[in-house]
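K.L.:
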Amino acid sequence: MMHHGALSVAFAGALPRDMSLTIVTNSLLVATALEGHRQASVVLLGGLYDQEKGCSVGTTALSQLEQFNADMFFVADCAVHASVGLTTFDLPDAEIKRVMSRRSAARVVVATVESIAKTAPFQVSGPDAIDHMLAGRQLDAETLEPFRRQGTVIHRIA
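Residue numbers (this note's numbering): 4 to 161.
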């Protein structure tokens with residue numbers, strides 16, 4: 004599963020074009036980024052379309068998510084804190100991410116300087132739900148250590 008956001012769009016576009024996968028997303032831009040990926044099946048959630056964000060939100064999208072069991076939830080554009088977990092600044096965003104997280108066997112979180120060790124008002128998941136973290140080289144080992152101690156697998160990216 005992939006939520007909307009610039010990092011999700013970039014990640015989707017960077018996936019190997021011959022990779023066989025199914026992506027469930029609420030983002031029109033993520034779906035569009037997967038055009039040309041011949042082995043990719045894309046499930047685009049419906050419901051109320053938030054034109055500002057370019058994604059589906061609300062009860063229809065939430066109920067559709069309940070129909071899926073995913074191997075992985077790729078989440079970006081979230082505040083990430085070792086003792087609080089994943090949070091966001093937007094309630095509809097939190098609702099969608101919360102269900103995507105719950106319906107996925109593993110969660111992969113993108114951590115940036117802007118997002119790590121930060122919190123926001125709306126809870127997505129607790130710190131125990133952060134299975135993997137993609138962390139840029141600009142994040143130092145000391146910042147990442149609390150996540151590693153909790154069992155999060157840290158993957159360094161450029």
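No residue lacks a Cβ here, since even glycine has one placed at the ideal position from N, Cα and C.
Along the chain, where does the beta strand (DSSP E) containing residue 14 start, and where does it finish?
P.N.:
That residue, residue 14, is in no beta strand (DSSP E); its alpha helix (DSSP H) goes 9 to 17.
K.L.:
Nearest to residue 10 by alpha carbon, out of 132, 151, 117 and 157?
P.N.:
Comparing Cα positions, the closest option is 117.
K.L.:
To the nearest whole angstrom, what separates the beta carbons of residue 150 and residue 82, a pair I think is in contact under 8 Å?
P.N.:
Wrong, their Cβ atoms sit about 13 Å apart, outside the cutoff.
K.L.:
Decide if residue 95 is buried, meaning its Cβ has at least 16 other Cβ atoms within 10 Å, or exposed.
P.N.:
Under this definition residue 95 is a buried residue.
K.L.:
What does DSSP give as the partner residue(s) for residue 118 in the beta ladder?
P.N.:
The partner list for residue 118 (beta bridge, DSSP) is empty, contrary to what the question assumes.
K.L.:
Quick one: measure Cβ to Cβ for residue 88 and residue 127, integer angstroms, because I've assumed they're closer than 8 Å.
P.N.:
Indeed, because the Cβ distance is near 7 Å, the residues count as touching under 8 Å.
K.L.:
Mind listing, in chain order, the continuous beta strand (DSSP E) runs of no fewer than 3 residues lying wholly within the stretch 19 to 99?
P.N.:
Runs found: 24 to 28, 43 to 47, 51 to 53, 58 to 60, 73 to 78, 82 to 84 and 88 to 91.
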